[in-house]
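*Asks:* Structure in structure tokens, see below.
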Amino acid sequence: MTDTTPTARPPRPYRPPDDPRLPRFVSYEEEAEFWDTHEFETLEPISPQELVERRAIEQEWRAEWDAGPA
Numbered sequence: 017m018t019d020t021t022p023t024a025r026p027p028r029p030y031r032p033p034d035d036p037r038l039p040r041f042v043s044y045e046e047e048a049e050f051w052d053t054h055e056f057e058t059l060e061p062i063s064p065q066e067l068v069e070r071r072a073i074e075q076e077w078r079a080e081w082d083a084g085p086a
């Protein structure tokens with residue numbers, strides 16, 4: 017009888033983006049941190065105050081999502 021249990025795929029190796037304006041990332045985590053702290057279109061850093069405001073909004077959205085429909 018053939019074993020038909022699914023096997024997990026090995027993790028995909030990290031491939032940095034091709035955009036020459038971006039720094040060279042060494043991991044998905046490093047790239048994610050960059051996008052969490054920089055504007056997507058301009059690649060400019062987001063100010064610390066703006067980051068605080070965005071994270072507060074995100075926490076509100078998550079709380080609403082976790083609460084479910086009204």
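Using this note's numbering, you'd call the opening residue of the sequence shown number 17 and step up by one each time.
We put the CB at the ideal spot given by N, CA and C, even for glycine.
Keep in mind it's a predicted model, so treat the numbers as computed, not measured.
On the DSSP bridge list, what partners appear for Pro61?
*Replies:* His54
*Asks:* Is the beta carbon of Arg37 sitting closer than 8 Å to the one on Leu59?
*Replies:* In contact: Arg37 and Leu59 (Cβ atoms closer than 8 Å).
*Asks:* Report yes if the C-beta distance between Glu47 and Phe56 is below 8 Å; otherwise report no.
*Replies:* No, they are not a contact pair.
*Asks:* Could you compute how far the alpha carbon of Ile73 sits from the alpha carbon of Gln65?
*Replies:* CA-CA distance, Ile73 to Gln65, rounds to 13 Å.
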